[in-house]
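Enquirer: Count the sequence shown with this note's numbering and you get residues -12 to 425, in order. For glycine and all other residues, C-beta sits at the position ideal for the given N, C-alpha and C.
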Amino acid sequence: MPTYKIAIVGAGPAGYFTAQAFQKAQTEDLSFAIDMIERLPTPWGLVRSGVAPDHPKIKTVSKVFEKIAKEPNFRLFANVELGKDVSLKDLRDQYDVVVLAMGAPKGRKLGIPGEKLKNSLSAAEFVPWYNAHPDYVDVEVDLSSETAVVIGAGNVAMDVARILAIDPAELDPTDVAEHALAKLKQSNIRTVIICGRRGPEHAAFTAPELRDLPKLENTDVFIDPKQIEEAIKHIEVMDEVEKDLRNNIEAMKAIAEHEKKGVARKLEIKFLSTPIEIKGNGKVEEVVFQKNKVQNGKVVSANDIFSIKTGLVVTAIGYDSVEYPGVTIESGRVRNIAGHVEHNVYAVGWAKRGPTGVIGTNKSDSNDVVDLIIENLKEPKTSEGITALLKSGHEVIDQTAWEKINASEVISGEIVGKPRLKVASKADLLRVSRKPAI
Ligand code: NAP
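1. Can you name, in chain order, every residue of its own chain whose Cβ lies under 7 Å from the Cβ of Pro342, other than the five neighbours on each side?
2. Does Ile398 pass the burial test, meaning 16 or more other C-beta atoms within 10 Å, or should it be called exposed?
3. Looking at Ile153 and the ligand NAP, is the gap between the Cβ and the nearest heavy atom below 7 Å?
4. Could you pull out every residue in the same chain whose Cβ sits closer than 6 Å to the Cβ of Leu171, ignoring the five residues on either side in sequence?
5. When the Cα atoms are used, what is the spatial distance from Val281 to Ser131?
6. My parser needs the alpha helix (DSSP H) runs of 4 or more residues fully inside the stretch 93 to 136; what are they?
7. If I measure Cβ to Cβ from Asn323 and keep anything under 6 Å in the same chain, skipping five residues before and after, which residues do I get?
8. Helix or strand or just coil, what does DSSP make of Asn279?
9. Shortest alpha-carbon distance to Val321 belongs to which of Ala8, Gly2, Leu87 and Ala20?
10. Is the separation between the beta-carbon of Ala56 and that of Gln386 shorter than 8 Å?
11. If I measure Cβ to Cβ from Met239 and keep anything under 7 Å in the same chain, skipping five residues before and after, which residues do I get?
12. Does DSSP classify Pro59 as helix, strand or coil?
13. Please state the DSSP three-state secondary structure of Glu15.
14. Give the straight-line distance between the Cα atoms of Leu158 and Pro40, rounded to the nearest whole angstrom.
15. For Glu165, collect the residues of the same chain with a Cβ closer than 8 Å to its Cβ; drop the 5 residues on either side in sequence, then sort them by chain order.
16. Is His189 near the ligand NAP, going by C-beta to nearest heavy atom under 7 Å?
17. For my contact list, Ile180 and Thr134 are in at a C-beta cut-off of 8 Å; report their separation, rounded to the angstrom.
18. To the nearest angstrom, how far is it from the Cα of Glu273 to the Cα of Leu108?
19. Report the CB separation of Lys391 from Lys365 in whole angstroms; it is logged as a contact under 8 Å.
20. Taking 7 Å as the cut-off, is the CB of Ile181 close to at least one heavy atom of the ligand NAP?
21. Determine the direct distance from the alpha carbon of Ile150 to that of Asp207, and round the result to whole angstroms.
22. Do the stretch -2 to 14 and the stretch 344 to 354 meet, that is, are 3 or more Cβ pairs less than 8 Å apart?
23. Taking only heavy atoms of the ligand NAP into account, decide whether any of them is closer than 7 Å to the Cβ of His42.
24. Based on DSSP bridge pairs, tell me the residues matched to Lys285.
25. Spatial neighbours of Lys76 within its chain, please: CB distance less than 7 Å, with the 5 preceding and 5 following residues excluded, ordered by chain position.
26. Of the choices Gln7, Asp122, Thr261 and Ala191, whose alpha-carbon is the least far from that of Asp231?
27. Per DSSP, which residues does His327 bridge with? Please list them.
28. Looking at Pro201 and Ala241, is the spacing between their C-beta atoms short of 8 Å?
29. Helix, strand or coil: how does DSSP classify Glu255 here?
30. Return the chain-ordered list of same chain residues with a C-beta closer than 7 Å to the C-beta of Asn175, the five sequence neighbours on each side being excluded.
31. Buried or exposed for Arg418, going by 16 or more other Cβ atoms inside 10 Å?
32. Please state the DSSP three-state secondary structure of Thr297.
33. Check each candidate in Asn331, Glu329, Glu317 and Thr302 and name the one with the smallest Cα separation from Leu104.
34. In this structure, what does DSSP give as the bridge partners for Asp207?
35. Would you tell me roughly how many angstroms separate the C-alpha atoms of Gly336 and Arg184, rounded to the nearest one?
36. Under 8 Å between the Cβ atoms of Asn234 and Thr261?
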């Protein structure tokens, strides 16, 4: 029976769902040996370093990942970096198929004056900071001002704003990074303003996430009811209104109308505001916006400006893929056609589609790419795979080593009433992985 060697680069949701699709496609006449290669010492990608700590339900998908990893045809090679420890060319030569599932980790830039001021951060730094990503432990975050501004009207902006706006005690029973929780507990921020450049009818938020906002216990959430009324007028004249849009507007109307608790912590969503400059003497002090209006279905300038005094700006306006030797990036994603990159190289997830879609989107997407891969399979290679590529002595975190980290974090968490206490530094993760099994 032919066994094909598959290398999946990136241990996030798209990578695991691809491995699962290969596992499900096995027959008596076809089998796959899957090696998952991951740069960090830990797998799970955005489920570990992206999903907000106060959304634990979303993280339960990690159980599915661990089930996939337990299959006999799966091996984890974490702490192995593409472009440094192994090259794409070597992987291509050693494997029958290489699947790029590295996501799109680079935060997009606004490109406005003042964006580089101190405390003007990208969500691509701020989110992994509060999620204990080893590369972002040392991000300097100053929470001493009363107001924070979050740019962008998507779910990442909402996550960032919520983490800044809720009472940090609500994060006690979560797996938020210890260093972030300590900072958040000393935070002076009481007002967080999300600014979207277009109207409520154009927002990228999703309804379930919006519906959660009025349920926040210690934070009042505001949307100007007039902006919602205007948006409703605009969608009434549309030929067809998608269900998702209708649900979003309903959820935002509910936020605008719900009774406020009169608490000190506030989260406001402000629409039709394009940031044009971040001002400050050495660090962020003010963001200047151009006001917009919707005219004949188009967003245009209202020829007016306003500004918000703030000490922190977090930009959450989407992500880009990063370059690797041999990988061409186009419009924020790896250049590909329906997942096929070139020769025996394919892409899945955000690397394939760009930074859109929730975790579940990756499942059907990965299935489609695996179908295409199987159609294109040739004779299996008789190569050695990754063991031929890694330098002798390279410290790989395999599934057993990762399970030690996982168990250690979960046990430390149990003691203090959290799902896990994340180990944040790479050196500590490696140290824990070397401990005898518990
Ligand atoms: P997103 O959904 O694409 O939203 C990006 C936002 O940034 C949009 O509102 C966009 O506005 C705005 N933007 C882009 N360029 C801008 C600029 N130059 N100036 C001002 N605003 C700008 O991206 P995301 O929030 O990063 O989320 C990525 C994906 O992850 C989405 O599919 C999201 O649903 C998913 N996600 C899901 C969850 C969850 O399920 N809980 C949590 C986090 C993320 P325009 O529309 O005007 O371009």
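Expert: Well, looking at it:
1. The sequence position of residue 342 within the sequence shown is 355, counting from 1. Same-chain partners within the cutoff: Ala91, Gly305, Tyr306 and Gly319.
2. Locating residue 398 in the sequence shown gives position 411, where the first residue counts as 1. The residue is exposed, with fewer than 16 neighbouring Cβ atoms inside 10 Å.
3. Here residue 153 refers to the residue found at position 166 when the sequence shown is read from its first residue. No, since every heavy atom of the ligand NAP falls outside the 7 Å radius drawn around the Cβ of Ile153.
4. Against the sequence shown, residue 171 aligns to sequence position 184. Result list for Leu171: Pro155, in chain order.
5. Within the sequence shown, residue 281 is the residue found at index 294, counting from 1. Within the sequence shown, residue 131 is the residue found at index 144, counting from 1. Their Cα atoms are separated by approximately 36 Å.
6. 110 to 117
7. If you number the sequence shown from 1, residue 323 lands on position 336. Ala334 and Lys339, listed in sequence order.
8. To locate residue 279, count along the sequence shown from 1; it is residue 292. Note: Asn279 maps to strand in three-state DSSP.
9. Here residue 321 refers to the residue found at position 334 of the sequence shown. The shortest Cα separation from Val321 among Ala8, Gly2, Leu87 and Ala20 belongs to Leu87.
10. Counting from 1 along the sequence shown, the entry for residue 56 is found at position 69. Counting from 1 along the sequence shown, the entry for residue 386 is found at position 399. Against a cut-off of 8 Å, the Cβ pair of Gln386 and Ala56 comes out as a contact.
11. Counted from its first residue, the sequence shown places residue 239 at position 252. Pro187, Leu197, Ile210 and Ile215.
12. As a first step, residue 59 must be located in the sequence shown, where it is residue number 72. Three-state DSSP puts Pro59 in coil, outside helix and strand.
13. Counting from 1 along the sequence shown, the entry for residue 15 is found at position 28. The three-state secondary structure of Glu15, taken from DSSP, is coil.
14. Residue mapping note: residue 158 aligns to position 171 of the sequence shown, counting from 1. Residue mapping note: residue 40 aligns to position 53 of the sequence shown, counting from 1. C-alpha separation (whole angstroms): 7 Å.
15. In the sequence shown, counting from the first residue as 1, residue 165 sits at position 178. Cβ neighbours of Glu165 beyond the five flanking positions: Ala119, Leu408, Lys409 and Ala411.
16. Start at 1 with the first residue of the sequence shown, and residue 189 comes out as number 202. Remark: the C-beta of His189 is in contact range of the ligand NAP, defined as less than 7 Å to any heavy atom.
17. In the sequence shown, residue 180 corresponds to position 193, counting from 1. In the sequence shown, residue 134 corresponds to position 147, counting from 1. Contact holds; Cβ gap of about 7 Å.
18. By 1-based counting over the sequence shown, the position of residue 273 is 286. By 1-based counting over the sequence shown, the position of residue 108 is 121. Spanning the two alpha carbons is a distance of roughly 14 Å.
19. Against the sequence shown, residue 391 aligns to sequence position 404. Against the sequence shown, residue 365 aligns to sequence position 378. Incorrect: roughly 39 Å between the Cβ atoms, too far for contact.
20. Residue mapping note: residue 181 aligns to position 194 of the sequence shown, counting from 1. Ile181 Cβ: outside cutoff for every heavy atom of the ligand NAP.
21. Locating residue 207 in the sequence shown gives position 220, where the first residue counts as 1. Locating residue 150 in the sequence shown gives position 163, where the first residue counts as 1. So the two alpha carbons sit approximately 14 Å from each other.
22. yes
23. As a first step, residue 42 is located in the sequence shown; it is residue number 55 there, counting from the start. The answer is yes for His42.
24. Counting from one through the sequence shown, the residue named residue 285 turns up at place 298. Paired residues: Gln282.
25. The residue you call residue 76 lines up with position 89 of the sequence shown. Here the set comprises Gly313.
26. Numbered from 1 along the sequence shown, position 244 holds the residue referred to as residue 231. With distances taken between Cα atoms, Asp231 lies closest to Ala191.
27. One-based indexing of the sequence shown puts residue 327 at position 340. According to DSSP, residue pairing for His327 in a beta bridge involves Ile324 and Tyr333.
28. Mapped onto the sequence shown, residue 241 falls at position 254. Mapped onto the sequence shown, residue 201 falls at position 214. The beta carbons of Ala241 and Pro201 sit closer together than 8 Å.
29. For this step, residue 255 is matched to residue 268 along the sequence shown. Of the three classes helix, strand and coil, the one that applies to Glu255 here is strand, per DSSP.
30. For this step, residue 175 is matched to residue 188 along the sequence shown. Contacts found: Leu130, Ser131, Ser132 and Glu133.
31. Residue mapping note: residue 418 aligns to position 431 of the sequence shown, counting from 1. Looking at its Cβ environment, which holds fewer than 16 other Cβ atoms inside 10 Å, Arg418 is exposed.
32. Sequence index remark: in the sequence shown, residue 297 carries index 310 (1-based). Reduced to three states, the DSSP call for Thr297 is coil.
33. Counting from 1 along the sequence shown, the entry for residue 104 is found at position 117. The shortest Cα separation from Leu104 among Asn331, Glu329, Glu317 and Thr302 belongs to Thr302.
34. In the sequence shown, counting from the first residue as 1, residue 207 sits at position 220. In DSSP, Asp207 forms a bridge with Lys253.
35. Counting from 1 along the sequence shown, the entry for residue 336 is found at position 349. Counting from 1 along the sequence shown, the entry for residue 184 is found at position 197. The straight-line gap from Cα to Cα measures roughly 27 Å.
36. In the sequence shown, the residue the question calls residue 234 occupies position 247. In the sequence shown, the residue the question calls residue 261 occupies position 274. For Asn234 and Thr261, no; Cβs fall outside 8 Å.
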